[in-house]
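Start counting the sequence shown at 1; every next residue gets the next number (full-length UniProt numbering).
From the three backbone atoms N, C-alpha and C, an ideal C-beta is built for every residue, glycine too.
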Amino acid sequence: MTDTENTTTGPLAPEDITADSAFTLPGFFDALSEGRLLAARCTECDTHMLPPRPACYGCGSRAVTLSEQPRTGEVISYTSVNRPPSAFEHLAPITVAVVELDSSARLTGRVAAPLDDVSIGDRVELRVRDPETVDIDPDFDLSYEEEWPIHVFELM
């Protein structure tokens, strides 16, 4: 279950899911901070889940695999957030996109570009940043989020 070098079968029992499991948000962000972008894929219906989940939200199956994902993809939808949460106010307006990675998994994230510079079909690459380098006020973090990295897509 923990070998993410290869495709891995997910947990089949609830007790197998711990806080550090890559099938949870803390585990996902731990892997991301180590430079690994992980997604789950349901072996029953082929749904991709990013961040990974211990069970498929498409069909409910626990037959999921975990694998490392490419950091490149293309914008399939985007918008501007003009009134973001308080921790991100100084970054407004924020361009946010849904990106289909080259593996076909999809991930939503901030794009480091003004809205007018982004188009559907643009190629982007995921970058992982320490929250302090993005100047996000740590007082807004929940206790378990303090060490989580920030992911940002950059135009290629």
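Using the Cα positions of methionine 156 and valine 64, report the straight-line distance between them to the nearest angstrom.
31 Å
Taking the DSSP output, what are the residues bridged to phenylalanine 153?
Val111 and Leu126
Alpha-carbon to alpha-carbon, serine 33 and arginine 129
8 Å
Pick from Ser103, Asp102, Gly121 and Val96: whose alpha carbon is nearest that of glycine 109?
Val96
Looking at leucine 50 and leucine 107, is the spacing between their C-beta atoms short of 8 Å?
yes
First through last residue of the alpha helix (DSSP H) which encompasses glycine 27
25-33
In chain order, what residues of the same chain lie with their CB nearer than 6 Å to the CB of tryptophan 148, ignoring the 5 residues before and after it?
Phe29
Is it a yes or a no for the region 36-48 touching the region 60-80, going by three-plus beta-carbon pairs under 8 Å?
yes
If you draw a straight line from the alpha carbon of valine 124 to that of serine 77, how long is it in whole angstroms?
12 Å
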